[in-house]
Amino acid sequence: HPHGVVIAADTIVVVDGDILGKPKDEAQAAQMLRRLAGREHTVYTAIAVARDARTESAVEGVQVTFRALTDAEIAAYIATREPMDKAGAYGIQGYGATIVERVDGDYFSVMGLGLRRLVELLGRVGVRYAFDAGVTDASGD
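Per the numbering used here, the very first residue in the sequence shown carries number -1; after that it's consecutive.
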């Protein structure tokens, strides 16, 4: 499409200055979850939007606090397989919601795509979101 839009996003978890990506195996997932248990960490989600020759991007940081977790809870959560393809070994939108005690910032950014920020970036490249019409092309195309 001549005025197509490309959207890219990625998420990392940072604790004590260390980046936690997706775990390579169950042992690494358990290690990550033990490290996050009962503590605060930061989830960073970067979003880039490109249209025609214009690109806009932003990074959103959100503070997340886990409740204390037992080894049995960590093992049970890993058994769901949910942690295996998630940065920091958890997904706040699934079973992981039960281990999160507090979120200070945009919940959707923790999920991996901050919707408020996405709409802002789309507007910067000429795509407008209207509540009554969904997404429209601000240029009239």
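Where is the CB? At the ideal position from N, CA and C, for every residue including glycine.
Tell me whether the beta-carbon of VAL47 lies closer than 8 Å to the beta-carbon of ILE5. yes
Measuring straight from C-alpha to C-alpha, what distance separates GLN91 and GLY59? 17 Å
Which residue marks the beginning of the alpha helix (DSSP H) containing ALA87, and which one marks its end? Note, ALA87: premise wrong, no alpha helix (DSSP H); not H, not E.
Whose C-alpha, out of VAL3, THR9 and LYS20, is nearest the C-alpha of ILE76? For the residues VAL3, THR9 and LYS20, the minimum Cα distance to ILE76 belongs to LYS20.
Helix, strand or coil: how does DSSP classify THR96 here? The three-state reading of DSSP puts THR96 in helix, counting H, G and I together.
Among the candidates VAL12, VAL57 and ARG33, whose CA atom is the shortest distance from the CA of ILE72? ARG33
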